Amino acid sequence: MTVATLPKAPTEDKRWRIVEAAMRRQGFDSHALIESLHSVQQAFGFIDTHAMAYVAKALRVPLAKVYGVVTFYHFFTLKPQGKHNCIVCLGTACYIKGSGDLLRAVEEKYHIKEGETTADGELSLLVARCIGACGLAPATVVDGEVFGKPTHEMLMKRIQSKLEGTEAK
Amino acid sequence: MTPEELQSIALKKHEENGKFKHCLHVCVGSGCCSSQADQVLKNLTDGVKKGGVDKDVRVIGVGCMGLCANGPMVSVDDNQPLYQHIKPTDAPTILNALDKAPPDEMVCDTDQPFFKRQMQVVRENSGRVDPEDISDCIAHGAYASLAKALTTMSPGDVIQEVTKSGLRGRGGAGYPTGLKWSTVAKASGPDGRGQKYVVCNGDEGDPGAFMDRSVMEGDPHRVLEGMCIAGYAVGASKGIVYVRAEYPLAVKRLNKAINQAVRNEILGRNILGTNFNFDLEIRLGAGAFVCGEETALIASIEGNRGTPRPRPPYPANSGLFDCPTLINNVETFANIPPIIARGSSWFANIGTEKSKGTKIFALTGKVKNTGLIEVPMGITLREIIYDIGGGIPDGKAFKAVQTGGPSGGCLTEKELDIPVDYESLAKAGSIMGSGGMIVMDETSNMVDVARFFMEFCMSESCGKCIPCRVGTCQMHALLDKIYNRKATPGDLALLRELCDMVKATSLCGLGQTAPNPVLSTLKHFENEYLERIQTSGATNAHGPSAHNGHEVNA
Amino acid sequence: MIAPNTSASVQSLTLQIDGKDVSCRSGQTILDVARENAIDIPTLCFLDGLSLWGGCRLCMVELAGSPRLFAACATQCAEGMQVVTDSPRLLAYRKTIVEMLLCERNHVCAVCVSNGHCELQSLAQKLGVTHVHLPYRYPKLEVDSSHDRFRLDHNRCILCTRCVRVCDEIEGAHTKDVKGRGIKSFIIHDLDQPWGEAESCTTCGKCVHVCPTGALTDKGTAVAEMAKRRQFLPYLTQMRETHS
Numbered sequence: 465m466t467v468a469t470l471p472k473a474p475t476e477d478k479r480w481r482i483v484e485a486a487m488r489r490q491g492f493d494s495h496a497l498i499e500s501l502h503s504v505q506q507a508f509g510f511i512d513t514h515a516m517a518y519v520a521k522a523l524r525v526p527l528a529k530v531y532g533v534v535t536f537y538h539f540f541t542l543k544p545q546g547k548h549n550c551i552v553c554l555g556t557a558c559y560i561k562g563s564g565d566l567l568r569a570v571e572e573k574y575h576i577k578e579g580e581t582t583a584d585g586e587l588s589l590l591v592a593r594c595i596g597a598c599g600l601a602p603a604t605v606v607d608g609e610v611f612g613k614p615t616h617e618m619l620m621k622r623i624q625s626k627l628e629g630t631e632a633k
Numbered sequence: 068m069t070p071e072e073l074q075s076i077a078l079k080k081h082e083e084n085g086k087f088k089h090c091l092h093v094c095v096g097s098g099c100c101s102s103q104a105d106q107v108l109k110n111l112t113d114g115v116k117k118g119g120v121d122k123d124v125r126v127i128g129v130g131c132m133g134l135c136a137n138g139p140m141v142s143v144d145d146n147q148p149l150y151q152h153i154k155p156t157d158a159p160t161i162l163n164a165l166d167k168a169p170p171d172e173m174v175c176d177t178d179q180p181f182f183k184r185q186m187q188v189v190r191e192n193s194g195r196v197d198p199e200d201i202s203d204c205i206a207h208g209a210y211a212s213l214a215k216a217l218t219t220m221s222p223g224d225v226i227q228e229v230t231k232s233g234l235r236g237r238g239g240a241g242y243p244t245g246l247k248w249s250t251v252a253k254a255s256g257p258d259g260r261g262q263k264y265v266v267c268n269g270d271e272g273d274p275g276a277f278m279d280r281s282v283m284e285g286d287p288h289r290v291l292e293g294m295c296i297a298g299y300a301v302g303a304s305k306g307i308v309y310v311r312a313e314y315p316l317a318v319k320r321l322n323k324a325i326n327q328a329v330r331n332e333i334l335g336r337n338i339l340g341t342n343f344n345f346d347l348e349i350r351l352g353a354g355a356f357v358c359g360e361e362t363a364l365i366a367s368i369e370g371n372r373g374t375p376r377p378r379p380p381y382p383a384n385s386g387l388f389d390c391p392t393l394i395n396n397v398e399t400f401a402n403i404p405p406i407i408a409r410g411s412s413w414f415a416n417i418g419t420e421k422s423k424g425t426k427i428f429a430l431t432g433k434v435k436n437t438g439l440i441e442v443p444m445g446i447t448l449r450e451i452i453y454d455i456g457g458g459i460p461d462g463k464a465f466k467a468v469q470t471g472g473p474s475g476g477c478l479t480e481k482e483l484d485i486p487v488d489y490e491s492l493a494k495a496g497s498i499m500g501s502g503g504m505i506v507m508d509e510t511s512n513m514v515d516v517a518r519f520f521m522e523f524c525m526s527e528s529c530g531k532c533i534p535c536r537v538g539t540c541q542m543h544a545l546l547d548k549i550y551n552r553k554a555t556p557g558d559l560a561l562l563r564e565l566c567d568m569v570k571a572t573s574l575c576g577l578g579q580t581a582p583n584p585v586l587s588t589l590k591h592f593e594n595e596y597l598e599r600i601q602t603s604g605a606t607n608a609h610g611p612s613a614h615n616g617h618e619v620n621a
Numbered sequence: 033m034i035a036p037n038t039s040a041s042v043q044s045l046t047l048q049i050d051g052k053d054v055s056c057r058s059g060q061t062i063l064d065v066a067r068e069n070a071i072d073i074p075t076l077c078f079l080d081g082l083s084l085w086g087g088c089r090l091c092m093v094e095l096a097g098s099p100r101l102f103a104a105c106a107t108q109c110a111e112g113m114q115v116v117t118d119s120p121r122l123l124a125y126r127k128t129i130v131e132m133l134l135c136e137r138n139h140v141c142a143v144c145v146s147n148g149h150c151e152l153q154s155l156a157q158k159l160g161v162t163h164v165h166l167p168y169r170y171p172k173l174e175v176d177s178s179h180d181r182f183r184l185d186h187n188r189c190i191l192c193t194r195c196v197r198v199c200d201e202i203e204g205a206h207t208k209d210v211k212g213r214g215i216k217s218f219i220i221h222d223l224d225q226p227w228g229e230a231e232s233c234t235t236c237g238k239c240v241h242v243c244p245t246g247a248l249t250d251k252g253t254a255v256a257e258m259a260k261r262r263q264f265l266p267y268l269t270q271m272r273e274t275h276s
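Residue numbers (this note's numbering), protein chains in the order written: chain A, 465 to 633; chain B, 68 to 621; chain C, 33 to 276.
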């Protein structure tokens, strides 16, 4: 097999080396498209069209296919996320125990819909299909920390303290 | 490594473990970790070191102990005692009580039916072994079944043993595992190369289910061992574990387990001194429920959009990269080592005539003891909900239990005494499914539940086939209309018609089963639909109603 | 994709379609055999010369002895098979499928350049779809007119993916693909760019001519003028087979 001539990374950003290493580990195999996209998302937090073009070229996959794959899987996001994020689990157990109301409460307070980020780029509101913490239903995740069985007030307080950076931790 | 070396690792580790006077097991599954179990583990470890008793007391993080609602859980010397609701600040109390009577208020009663009525086969080591330490797993029997299969059994023997055990796929459909294995064993590759694959489906996407996650997190080597044995039986040299990216802890533990197994020559070339080779790698899912369908899963592993394709050909004959591919669910693979170790007749003695062994359920919703349970097949729903689950909290009345997630159905009080097995559940209008079990009380609205599942199917539909793409969307709109009291009797008739049509014509299981939650709630709770249906006038306020029809512009 | 039948001895099979005895070679699909025998089974995503898709579900047929339905395009014939292609149940499902397509987006035949040359339209007529009893969705969709010669009107697209497959499999450009999923799926060019800016497009026009509806059309055509020429596809496929 010939060694792939690696396309130039979109920017000087060092994180592209992580992406390159991930693709190299898979031998620049076109079947490793999803793995490669995972590495982009992990390194940058989102996958924009520059990243897609880079991966497409490196793996020799058509551009349209890369775009089709990125938009098929809900784990991938095309836009940068907010500085902080709140995930509300909408799994069955959580829904039965009122996570739908929690979601609406956050939506109303911060004037964003699920999947959106506030205009100031501070908070992203996301939903999950099931984070597998059904024992803690309704479950939420604020900045990566699972927060189980919150009341509306507790969740708002938690989000607000993250936004204001007033948390003790 | 040879089987003898495997045994000496086990002995050595046993000896090491035996030197400790006490062993503290801290549950560090995702559920408990979200209540600071990792901090509990750290405080206990630090406390032992500071107290200078680290030669006497062993502290390890382990997989899920089941009673997630009462987490974080800490078990001292195999539940002597078992502590519940532990906070990081409780660490000194636990350490001080080691040789004394434990403080009652922190102790979890292990004589309660939640523990007594369960039967641990798949989860026997979850909560006991350190999932990040292969020698601890080996000391608890890991890879002994692989050694037995490789050194004393032919691939045909292994398949026969699995067939005789009566094990059926734990992913939901209940296809006989032995039959699947023998089909793959007989299949030949597209170009005579003989390349075959073993794929573990860890894309647990049912909302409300986390059985597979706990197995992968709590005892990852058991899954790898099951896959390895399967590889030997069907003649595959490559295995892929497909895991949801939403399960970072499971991914981490599996990665670690694979690396340790490779380093110990349990994976790779000439496994356990035999001429059997087997490589394993992890592929991450990316958030698509439809990838639980096997042809979609294959498309996803190949780096494509996860859309299913018509079957046949079945993956057993032409799957990953057009090669014969064995796809089983995590729990199915995790059942293999005990079957090989203890024999098919032992396994076949558990359960009912057609459903053998145990099943793990994620018991959640409006029930006192939420968490993971493993029960023998044939147990009744009543025993699960009232004995193990402790009944409905807050003095509310039981209304329904939902099994099988978006492909399943609701069962009511009338069906609580049927045995939990594939056939009985199907006959009652639900399915076994992968193991989600959600209890609903009188406050749950069944139209809302049906709408919730339909919204799920709509957003998870891949869009390839028309009945599922448009049908789920239309059915969701109708359910929304009914829920908001804007629907007419004609809308309800249309909903029924679409249920039948989508079920019959969709390409894959997602679409074919999407109407099930609607059909089963309609069957048992039709009154809840009817009471929201408008019987007169008022429909025109919201535009022409559906059954009036529209002219085609043709 | 189903691998071609490469076994040296091709068996001859007999089966019944709608009560009529027919014979075929092993490896042929029910759809192949039905068409050879002038038995009409409707299709939309299927196109001879392109890979199998199996998405439109219009060619579903009944097989004696099975409660399930089978897609004729994807099901190989077997000895003694008894196929029913036109039961009242199947006809009702087909009608609903066509209605689902009509209500999914905005199909206004009267102002469509493909009026009179549209496979969806003629299918609706043939199946007797005079009314759509499903609620129309009326989504707001765009028309991409950025390409010099062609136009993509998402309002008329039924997502059969013939254009995606012909672009990838025959032209080899893979300019087109599908973005999103479920009801939010759309045909795209390259990185979801306007068609005219998609560098990989060779302007071959094959996609336009395999499109069953007025979604892909030549620019400059007026209402009812856009007839499609599809003869190139069997020809190209045949030439490639004989030269490979």
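Glycine included, each C-beta is placed from N, C-alpha and C at the ideal position.
This structure is a prediction, so every number in the text was calculated from the model and none was measured.
Proximal residues to residue i (C-beta, below 6 Å), its chain only, five neighbours per side dropped
i: B:G335; result: V329
i: C:N187; result: R137, N138, L173
i: C:Q43; result: S58
i: B:M513; result: T588, F592, E595
Cα-Cα separation between residue i and residue j, rounded to whole angstroms
i: A:A569; j: A:G562; result: 11 Å
i: B:I485; j: C:C192; result: 45 Å
i: B:K117; j: B:L108; result: 14 Å
i: C:T274; j: C:L268; result: 10 Å
i: C:T46; j: C:I62; result: 12 Å
i: B:P180; j: B:I455; result: 5 Å
i: A:L409; j: B:E450; result: In the structure as shown, chain A starts at 465 and stops at 633, and residue 409 of chain A therefore has no counterpart that could be examined.
i: B:E332; j: B:F343; result: 11 Å
i: B:S142; j: C:Y168; result: 59 Å
i: A:R489; j: B:S304; result: 20 Å
i: A:H548; j: A:L619; result: 14 Å
Candidates the options, of which the one nearest residue i by Cα
i: B:P584; options: B:L347, B:V124, B:G475; result: B:G475
i: A:K613; options: B:N137, B:G578, B:N146; result: B:N137
i: B:A517; options: B:M68, B:K481, B:T470; result: B:T470
i: B:H152; options: B:D176, B:D145, B:N163; result: B:D176
i: B:D461; options: B:A467, B:D508, B:E441; result: B:D508
i: C:G112; options: C:D176, C:D53, C:A124, C:I73; result: C:D53
i: B:E593; options: B:D515, B:T580, B:D346, B:A158; result: B:D515
i: B:A353; options: A:Q624, A:R593, A:L619; result: A:R593
i: C:G204; options: A:T475, A:S500, A:A528; result: A:A528
Chain-order list of residues whose beta-carbon lies under 7 Å from that of residue i (same chain, five-residue window excluded)
i: B:A216; result: V225, I296, Y299, I407
i: A:A407; result: Examination of residue 407 of chain A is not possible in this model, given that chain A is present from 465 through 633 alone.
i: B:A206; result: A77, K80, H81, N84
i: B:C358; result: D270, G352, L364, S367, G373
Close-in-space but distant-in-sequence residues of the same chain around residue i (CB under 8 Å, 5 per side omitted)
i: A:K521; result: P471
i: C:V16; result: One cannot answer for residue 16 of chain C here, as it falls past the ends of chain C, which runs 33 to 276.
| What are the residues of the stretch 588-607 of chain A that lie near chain B, defined by any Cβ-Cβ distance shorter than 9 Å? | Residues are counted here when their Cβ sits less than 9 Å from a Cβ of chain B; for the stretch 588-607 of chain A these are A592, R593, C594, I595, G596, A597, C598, G599, L600, A601, A603, V605, given in chain order.
| Meets three-Cβ-pair contact criterion under 8 Å: the stretch 91-102 of chain B and the stretch 595-606 of chain A | Yes: the two stretches touch, three or more of their Cβ pairs being nearer than 8 Å.
| message | Could you check whether the stretch 386-395 of chain B touches the stretch 262-278 of chain B, counting it as contact only if at least three pairs of C-beta atoms, one from each stretch, sit closer than 8 Å? | response | Using a Cβ-Cβ distance cut-off of 8 Å, the stretch 386-395 of chain B and the stretch 262-278 of chain B are in contact, since at least three pairs of beta carbons, one from each stretch, lie closer than that value.
| request: Anything in the stretch 218-247 of chain C with a Cβ closer than 7 Å to a Cβ of chain A? List those residues in chain order, please. | output: If the cut-off is 7 Å between Cβ atoms, the stretch 218-247 of chain C has I220, H221, D222, L223, D224, S232 near chain A.
| For the stretch 493-506 of chain B against the stretch 523-530 of chain B, are there 3 or more C-beta pairs whose distance is under 8 Å? | Using a C-beta cut-off of 8 Å, the stretch 493-506 of chain B makes no contact with the stretch 523-530 of chain B, since fewer than three inter-stretch Cβ pairs fall below that distance.
| query | Do the stretch 409-428 of chain B and the stretch 310-318 of chain B meet, that is, are 3 or more Cβ pairs less than 8 Å apart? | reply | The stretch 409-428 of chain B is not in contact with the stretch 310-318 of chain B.
| query | Of all the residues that make up the stretch 530-557 of chain B, which are near chain C by a beta-carbon distance shorter than 7 Å? | reply | Cβ contacts with chain C come from G530, K531, C532, I533, P534, R536, V537, G538, C540, Q541, A544.
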